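Numbering (full-length UniProt numbering), first residue to last: 1 to 633. C-beta atoms are modelled at their ideal positions from N, C-alpha and C, and glycine is treated no differently. These numbers were taken from a predicted model, which means no experiment stands behind them.
In structure tokens:
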């Protein structure tokens, strides 16, 4: 007997037009489409050509019209500042339409770009929705990005207006945004017409008269603006992939297909209904923030959570559990890094016992590979489904998941389960031929990609084709490597550039990390491939220990080296490993393995724009020197 997943997957492969037309019935359109899938300009496919719509209307106004006006749309909780607030759909409609009026008064109209450079405060969502309301295009840049990185994005997007705040707040420090913004505008060739600044009490911004406008002052006198109808294929936003260097890579998301796909995922992947409280513990600067803090939950009529804090230290490793209890959160979506941090500080999950988290239906993890040890720990303490799912900035939503709204599959640790309906996932060798089940290769997705994915890069179709479509003609190259087993489960082992070649053997650093993370004293880890004259590359391990471990470091290193030898074999040649206090990461929690590899190989590297704390890199250099790498070579 087939389950609902199998039926949906089969239909999405055999009749994609019919499948996505049915999903599109959940969206309110100003004009229906002429074609569901337009392949007239392949490989630049378009969905719902001829249709007209407005994303802000579907995320806000329709819920007010449908009687949800008094329901909370946004919950804001900032353990860093102590502020908490709630915004109903009625209030959100009022704020968004008025801020759209503010932008309209500054000349923003259909197709214009607006850069949003903001911390995790509700005004960030209000700004995004207001831009969408006008049929304009927003580009959110992670608040606190350095001036030169912001300038690159200003030059590429050419915004009419920039919306920012006086500051962002991290544990123990206030980051003034206005000097960074002023520096970026000075550096950029393109000059925006104006800025709008949200004043925060933790830092005052100096406003230039006639150029910088105060948010509250402008809101008080604004004329509310109505929703502007746009083509389904018109862009909703541009999101620059983290660490952009040289030629900017602005991922484009359209209006129509994006709404259809995200609304479909809320029920079918995350199993949430209108009225449920949904929390993606991320930041609006990342794709997770776009898809699952702002648009997905609001399109579904959920209550979404804006959290300005960290999984540990604001104030402790129990803050996630406090949030779940306090706001009756049904689904939590976060990065595996967050759970590794909680596990490191509270390995026995003692904080969990202080809160009632029975309202939680499921935990979803994404952003990087979930190691089996963290997955098992989360399952053991929560006793709820834990879903590791895999997607990318470019795809906008999950490629592979355990789709709880369709069918709950048994979990295989290390696997994000199966391809989601709409995704034809295959594993190819370097020559583009399919590999047998269980054999590692490049993971690709057959074209056309489903709705909601990137139709192109901003202003650069050629770069889009070169970057994603040329390596394997007829396929989107994910740049991830992995396997599909005989049951159809996909496992992402590493980025294709994280497959290392040790004396002719192709080995996955992800597979080695899986072994290291299984050691009872290891909180988190990373493995890189360092240059080696004899073998081409050699694996080098970094481990961070759990709080309270007293065992000698040498002893733990010897144990993990033996574990890799036992699990993967002598072929891995895993001999070098070092204990470090912390790993260098992006602000979204991804480990900067490429930067660590450059340090090990004594190569020049650019300080990643997204790095959470640059002071950690000298520590990594010192640690590498103790095992004969880096400047000691």
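Q.
Using 8 Å for Cβ pairs, my map puts residue 99 next to residue 127. What's the rounded Cβ distance?
A. 6 Å
- With distances taken Cα to Cα, identify the nearest neighbour of residue 535 among 514, 515 and 572. Nearest option by C-alpha distance: 572.
### Which of helix, strand or coil DSSP assigns to residue 49
Reduced to three states, the DSSP call for residue 49 is strand.
- Query: Taking one C-beta from the region 449–460 and one from the region 524–535 each time, how about it: are there three or more such pairs within less than 8 Å?
  - Reply: no
TODO: Evaluate contact between the region 583–597 and the region 609–621, counting only Cβ atoms and requiring at least three cross-stretch pairs below 8 Å.
DONE: yes
- Query: By the 10 Å Cβ neighbour count, where 16 or more other Cβ atoms means buried, how is residue 4 classified, buried or exposed?
  - Reply: exposed
- Query: I think residue 150 touches residue 180, with their Cβ atoms under 8 Å apart; what is that distance to the nearest whole Å?
  - Reply: 7 Å
- request: May I ask you to list the residues that DSSP assigns as paired with residue 31?
  value: 52
query = Which ranges does the alpha helix (DSSP H) cover as unbroken runs of at least 4 residues, wholly within the region 264–327, from first to last along the chain?
reply = Correct list: 296–299 and 319–327.
>> Here's the rule: buried if 16 or more other CB atoms are within 10 angstroms of the residue's CB, otherwise exposed. What is residue 245?
In response: With a pLDDT of only 43 at residue 245, under the threshold of 50, the placement of this residue in the model should not be trusted, and no figure is reported.
Could you name each continuous alpha helix (DSSP H) segment of 4 residues or more that falls completely within the region 145–171, going from the start of the chain to the end?
147–157
- request: Would you give the residue range spanned by the alpha helix (DSSP H) that residue 363 belongs to?
  value: First-last for residue 363: 362–365, but that is the beta strand (DSSP E), not the alpha helix (DSSP H).
### Pairwise C-alpha distance: residue 227 and residue 263
19 Å
Exercise. Give the secondary structure of residue 424 by DSSP, where H, G and I count as helix, E and B as strand, and everything else as coil.
Key: coil
Which listed residue (386, 343, 337 and 340) has its alpha carbon closest to that of residue 678:
No statement about residue 678 is possible, as the shown extent of the chain runs from 1 to 633 and does not include it.
- Kindly confirm or deny that the region 22–29 and the region 49–58 touch, where touching means at least three C-beta pairs closer than 8 Å. With the cut-off at 8 Å, the region 22–29 and the region 49–58 touch.
*Ordered along the chain, which non-local residues of its own chain (more than five positions away) have a Cβ less than 8 Å from that of residue 329?*
277, 278, 279, 305, 323, 359 and 360
Legend entry - Residue nearest to residue 372 in terms of C-alpha spacing, selected from 205, 524 and 12: 524
Quick one: grab the DSSP three-state call for residue 607. coil
Practice prompt. Go ahead and label residue 643 buried or exposed: buried means 16 or more other beta carbons lie within 10 angstroms of its beta carbon, across all protein chains shown.
Written response: For residue 643 there is no data in the structure shown, the boundaries of the chain being 1 and 633.
Which runs of the alpha helix (DSSP H) at least 4 residues long sit entirely within the region 476–563? Give them in chain order. 509–517
Under 7 Å Cβ to Cβ from residue 34, same chain only, skipping five residues before and after it: list those, please.
-> Excluding sequence neighbours, residue 34 sits near 49 and 50.
For residue 19, which residues in the same chain have their Cβ closer than 8 Å to its Cβ, ignoring the five residues on either side in sequence?
8, 11, 12, 421 and 422
*asked:* Which residues does DSSP list as the beta-bridge partners of residue 250?
replied: 240
From which residue to which residue does the beta strand (DSSP E) around residue 638 run?
The requested residue 638 does not occur in the structure, where the chain is confined to residues 1 to 633.
Cβ-based neighbour list, residue 291, same chain, cut-off 7 Å, excluding 5 preceding and 5 following:
262, 396 and 397
Distance check for residue 570 and residue 142, CA to CA, integer angstroms please. C-alpha separation (whole angstroms): 43 Å.
- Say whether the region 409–421 touches the region 481–492, bearing in mind that this needs 3 or more beta-carbon pairs closer than 8 Å, one atom from each stretch. yes
Same chain only: Cβ atoms within 6 Å of residue 621, ignoring 5 sequence neighbours per side:
Answer for residue 621: 599 and 630, listed in chain order.
Leaving out the 5 sequence neighbours to the left and right, which residues in its chain are closer than 6 Å to residue 339 when beta-carbon positions are compared?
374 and 378
Residue 351 in three-state terms, based on DSSP
helix
*Member of 234, 196 and 23 whose CA lies at the smallest distance from the CA of residue 459*: 234
message = Starting from residue 443, trace the alpha helix (DSSP H) in both directions and tell me its first and last residue.
response = If you look at residue 443, you'll find it isn't in any alpha helix (DSSP H); it sits in the beta strand (DSSP E) that goes 441–446.
Handout entry: Residue burial classification, residue 259 (beta-carbon count within 10 angstroms, cutoff 16)
Key = buried
**Asked** In chain order, what residues of the same chain have a beta carbon less than 7 Å from the beta carbon of residue 287, not counting five sequence neighbours either side?
**Response** If we look at residue 287 and ignore the five residues flanking it on each side, its Cβ neighbours are 239, 393 and 396.
### Task
Mind listing, in chain order, the continuous beta strand (DSSP E) runs of no fewer than 3 residues lying wholly within the region 66–103?
72–78 and 83–88
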